[in-house]
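Numbering (our numbering), first residue to last: 451 to 640.
Glycine is no exception: its CB is placed at the ideal position from the N, C-alpha and C atoms.
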Amino acid sequence: MRDDGRRWDERYRTTTSVEPRPPEALTFWPHLASQLPPAGRALDIASGPGSVALWAARRGFDVTALDASTVAIALLERTADDLGPTGGLSGRIDARVVDLDEGLPADIIDVDLIVCQRFRDPALTTTIIDRLSVGGYALVTVLSAVGAERPGDFHAPPAALSTEFGDDDRCDVLHHHEGDGVAHIVVRRR
451 MRDDGRRWDE RYRTTTSVEP RPPEALTFWP HLASQLPPAG RALDIASGPG
501 SVALWAARRG FDVTALDAST VAIALLERTA DDLGPTGGLS GRIDARVVDL
551 DEGLPADIID VDLIVCQRFR DPALTTTIID RLSVGGYALV TVLSAVGAER
601 PGDFHAPPAA LSTEFGDDDR CDVLHHHEGD GVAHIVVRRR
């Protein structure tokens with residue numbers, strides 16, 4: 451994690467502000483926003499400075515945001531504090547520095563909404579489904595070799611998300627799309 455954390459710390463060191471923003475999958479399928487639970491527990495995996503965590507907290511979720519970057523987590527905490535008195539975000543976000551290579555913290559269970567963007571570890575697929583509450587949604591976006599100009603080591607092979615999530619009989623794949631170097635999937639736990 452140290453190398454990952456340092457690399458992302460450098461990337462976020464010059465970031466001065468964060469705006470709440472919905473998950474990428476919702477910009478692709480905006481009608482899904484009305485189908486998501488109106489509140490509950492949310493998990494933002496590889497949150498970066500927390501634009502999705504802030505969005506979820508504004509919607510009424512109690513959010514746990516996980517990232518390897520101490521700089522990103524500090525920025526998220528400052529932004530949540532700044533938006534707290536008028537935006538209702540004080541106390542709604544539990545931001546943690548976590549090495550995701552070691553998996554998700556054990557205390558995160560029965561989550562109504564899980565968002566994971568631009569981070570892929572196939573070993574996490576089962577864990578994401580395990581941690582979802584019945585009826586909970588996971589929105590996952592990763593880099594994809596499909597339509598990528600020059601796919602690299604971090605690009606998922608074709609159909610990776612649909613295979614990883616679709617092979618688990620505990621969830622239903624609601625939407626899946628690959629193209630332009632990105633793959634999105636939305637699943638709901640049965």
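According to DSSP, what are the bridge partners of residue i?
i    : result
Q567 : T591
R546 : L516
E628 : A633
F622 : Checking the displayed sequence, the identity of residue 622 turns out to be Asp instead of Phe. For D622, which the question treats as bridged, DSSP gives the partners R638.
V561 : L582
A606 : S594
Tell me the residue span of the alpha helix (DSSP H) that contains residue i.
i    : result
E614 : A610 to G616
R638 : Not the alpha helix (DSSP H): R638 falls in the beta strand (DSSP E), residues V632 to R639.
D580 : L574 to R581
Using a Cβ-Cβ cut-off of 8 Å (strictly less than) and excluding sequence neighbours within five positions of residue i, which residues of its own chain qualify?
i    : result
A573 : G553
D459 : S519, T520, V521 and A522
G629 : S594, V596 and G597
P608 : S594, A595, V596 and E628
T575 : E614, F615 and D618
R620 : I579, R639 and R640
Given residue i, which residues of its chain have a CB within under 7 Å of its CB, disregarding the five upstream and five downstream residues?
i    : result
T477 : none
L606 : Checking the sequence shown, residue 606 turns out to be Ala, not Leu. Cβ within range, chain order: R570, V592, L593, S594, A595 and A633.
L624 : V636, V637 and R638
G471 : First, the amino acid is wrong: residue 471 is Arg here, not Gly. Once the five neighbours on either side are set aside, the close Cβ partners of R471 are S501, V502 and W505.
D454 : A518
By Cβ distance, which residues of its chain are closer than 6 Å to residue i, with the 5 residues on each side in sequence left out?
i    : result
F604 : L593
V547 : T520 and I523
V565 : P473, D494, V502 and L589
How about residue i: is its C-beta nearer than 8 Å to some C-beta of chain D?
i    : result
E628 : Included in the structure is just one protein chain, with no chain D present.
| task | Kindly provide the ranges of any beta strand (DSSP E) runs that are 3 or more residues long and lie completely inside the segment 461-544, ordered along the chain. | result | List check, beta strand (DSSP E) in window: 490-495 and 511-517.
| Would you call the segment 582-598 and the segment 510-525 touching, i.e. three or more CB-CB distances under 8 Å? | no
| Per the contact definition of three or more C-beta pairs closer than 8 Å, is the segment 485-503 in contact with the segment 542-562? | yes
| message | For the segment 463-471 against the segment 483-490, do three or more pairs of beta-carbon atoms, one drawn from each stretch, fall closer than 8 Å, so that the two count as touching? | response | no
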